[in-house]
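Everything on this sheet refers to the single structure shown next.
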Amino acid sequence: MRIHTILSGSLLLTATAAWNTDVHNQIGFMAEEFLNPYTTSILQQILEPQYNGSIGRATAWADAYAHTEEGKFSYQWHWIDSSDDPPLLCDISYVRDCSKGGCVVSAISNQTHILKSCIDNVRSGNLRGGTNLTCSYALKWVSHFLGDVAQPLHASGRAAGGNRINVTFGGVSTELHAVWDGYIPYSDANVTQFSNLSISPFFTSLVSRIRENNFSEPTSQWLSCTDPSAPLACAFAWARESNALTCNYVYNRPLNNTDLATSGYAEGAYPIVELQISKAALRLGTWLNRLVERRYNPNGQVILKTNPSWADGSSGAQ
Ligand SMILES: *[C@@H]1O[C@H](CO)[C@@H](O)[C@H](O)[C@H]1NC(C)=O
Ligand SMILES: *[C@@H]1O[C@H](CO)[C@@H](O)[C@H](O)[C@H]1NC(C)=O
Ligand SMILES: *[C@@H]1O[C@H](CO)[C@@H](O)[C@H](O)[C@H]1NC(C)=O
Ligand SMILES: *[C@@H]1O[C@H](CO)[C@@H](O)[C@H](O)[C@H]1NC(C)=O
Ligand SMILES: *[C@@H]1O[C@H](CO)[C@@H](O)[C@H](O)[C@H]1NC(C)=O
Ligand SMILES: *[C@@H]1O[C@H](CO)[C@@H](O)[C@H](O)[C@H]1NC(C)=O
Ligand SMILES: *[C@@H]1O[C@H](CO)[C@@H](O)[C@H](O)[C@H]1NC(C)=O
Ligand SMILES: *[C@@H]1O[C@H](CO)[C@@H](O)[C@H](O)[C@H]1NC(C)=O
1 MRIHTILSGS
11 LLLTATAAWN
21 TDVHNQIGFM
31 AEEFLNPYTT
41 SILQQILEPQ
51 YNGSIGRATA
61 WADAYAHTEE
71 GKFSYQWHWI
81 DSSDDPPLLC
91 DISYVRDCSK
101 GGCVVSAISN
111 QTHILKSCID
121 NVRSGNLRGG
131 TNLTCSYALK
141 WVSHFLGDVA
151 QPLHASGRAA
161 GGNRINVTFG
171 GVSTELHAVW
181 DGYIPYSDAN
191 VTQFSNLSIS
201 PFFTSLVSRI
211 RENNFSEPTS
221 QWLSCTDPSA
231 PLACAFAWAR
241 ESNALTCNYV
251 YNRPLNNTDL
261 ATSGYAEGAY
271 PIVELQISKA
281 ALRLGTWLNR
291 LVERRYNPNG
301 QVILKTNPSW
311 ADGSSGAQ
């Protein structure tokens with residue numbers, strides 16, 4: 001678990017950064033399964049050589065960077081703190097809730113705009129071998145933040161994203177944010193950690209389920225807003241969806257005087273975590289394909305696709 005202390009005005013808040021780093025890696029490895037070969041070849045030139053062209057290996061960088069002196073400005077880009085009161089009221093507003101200095105919604109938008117120009121740099125032969133850090137960082141941030149925005153407690157301001165809600169999980173005293181970042185995915189997969197080098201079986205099976213459209217909501221719906229020319233609107237729509245889950249489930253079940261691993265809370269959360277992780281991965285793969293192939297509406301209108309063949313990433317926007 002990654003617990004951090006930040007100074008916000010005169011209030012001392014604790015906050016965790018994200019899905020655990022290995023869960024981020026896995027979301028990236030899942031997304032790679034949806035990339036077209038051409039997308040992969042372009043992105044390889046943007047990433048620094050140490051990642052060997054793998055988005056999955058690069059997805060966890062943003063957490064480490066946020067905790068360096070140089071990168072601390074990006075720390076708050078990992079979430080958006082709604083001013084609501086789940087489970088009674090869920091409500092998120094971009095204007096009200098995105099702090100000065102940025103939030104996950106503005107960061108997705110900003111870094112997507114930068115990434116567009118980086119892709120042009122590669123196409124025009126001006127960028128090779130990950131030599132432009134503005135570009136490498138933009139790709140790593142986009143890959144990371146599309147994961148973060150899908151974690152319900154990254155779009156919730158109550159108790160600093162659940163960091164101040166003490167709970168017990170499997171006999172361990174922890175807090176609610178950490179439960180969603182790591183305990184629930186590990187428990188669902190029955191492992192203690194995931195690989196940071198290649199896709200793990202639990203996530204391979206999620207990729208299969210995406211391709212088979214085997215989720216509680218049709219996978220095509222996940223892409224109803226996936227237009228990289230409207231990144232603010234899409235990132236906000238994804239945050240709103242995550243925020244709603246804090247009323248529908250996260251805070252809507254008993255949290256204290258119970259062990260969340262055995263009370264039924266974890267079991268009830270598994271389908272939600274599987275859904276959110278899968279959405280993040282498919283959206284990331286689709287986002288990157290569309291950026292590279294310029295499959296987006298230059299006028300910023302959302303492109304809706306009804307043909308489920310998007311799942312292999314190979315068909316163009318309608
Ligand atoms: C780097 O990627 C290539 C092709 O994707 C692969 O064959 C090679 O084994 C990878 N190297 C490492 C060190 O992972
Ligand atoms: C946009 O990204 C650039 C480069 O990473 C950064 O310097 C700037 O602060 C960002 N702006 C916002 C509003 O996030
Ligand atoms: C790096 O890429 C950014 C974004 O496209 C661009 O503004 C900048 O000029 C590039 N830097 C170099 C040294 O080419
Ligand atoms: C949560 O636990 C910490 C110690 O782990 C303690 O300092 C804090 O007071 C607890 N918060 C509540 C609301 O019980
Ligand atoms: C979880 O893993 C443990 C140890 O690998 C194994 O004994 C157990 O049967 C597994 N449980 C499930 C439900 O797969
Ligand atoms: C990847 O995982 C291994 C084993 O858990 C760890 O030693 C290594 O530091 C990790 N690498 C990165 C870049 O996080
Ligand atoms: C969907 O998933 C369930 C459980 O994960 C499985 O039993 C079922 O066979 C799957 N259906 C298809 C069409 O893949
Ligand atoms: C249990 O949770 C409720 C709702 O979050 C809270 O009001 C109450 O103080 C908690 N009780 C204890 C003993 O922590």
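Quick note on numbering: the sequence shown equals residues 1 to 318 in our numbering. C-beta atoms are modelled at their ideal positions from N, C-alpha and C, and glycine is treated no differently.
Please state if the CB of residue j and the CB of residue i are separated by a distance shorter than 7 Å.
i	j	result
residue 160	residue 279	no
residue 172	residue 260	no
residue 273	residue 185	yes
residue 228	residue 108	no
residue 234	residue 86	no
residue 283	residue 265	no
residue 65	residue 71	yes
residue 82	residue 97	yes
residue 46	residue 239	no
residue 174	residue 142	no
For residue i, which three-state DSSP category applies?
i	result
residue 89	strand
residue 120	helix
residue 259	strand
residue 278	helix
residue 217	coil
residue 289	helix
residue 267	helix
residue 81	coil
residue 225	coil
residue 366	In the structure as shown, the chain starts at 1 and stops at 318, and residue 366 therefore has no counterpart that could be examined.
residue 49	helix
residue 184	helix
residue 254	coil
residue 199	coil
Given a threshold of 16 other Cβ atoms within 10 Å of its Cβ, counted over all protein chains shown, does residue i qualify as buried or as exposed?
i	result
residue 296	buried
residue 51	buried
residue 154	buried
residue 78	buried
residue 67	exposed
residue 26	buried
residue 148	buried
Considering just the uninterrupted stretch of the alpha helix (DSSP H) at residue i, what are its terminal residues?
i	result
residue 95	94-97
If you follow the beta strand (DSSP E) that residue i is in, where does it begin and where does it stop?
i	result
residue 343	The question about residue 343 has no answer here: the residues shown for the chain are numbered 1 through 318.
residue 167	166-169
(message) Is it the case that the region 261-269 contacts the region 126-138, given that we only count it when at least three CB pairs across the two stretches are under 8 Å?
(response) With the cut-off at 8 Å, the region 126-138 and the region 261-269 do not touch.
(message) Does the contact criterion of 3 or more C-beta pairs under 8 Å hold for the region 31-48 versus the region 172-181?
(response) Output reads no: the region 172-181 does not touch the region 31-48.
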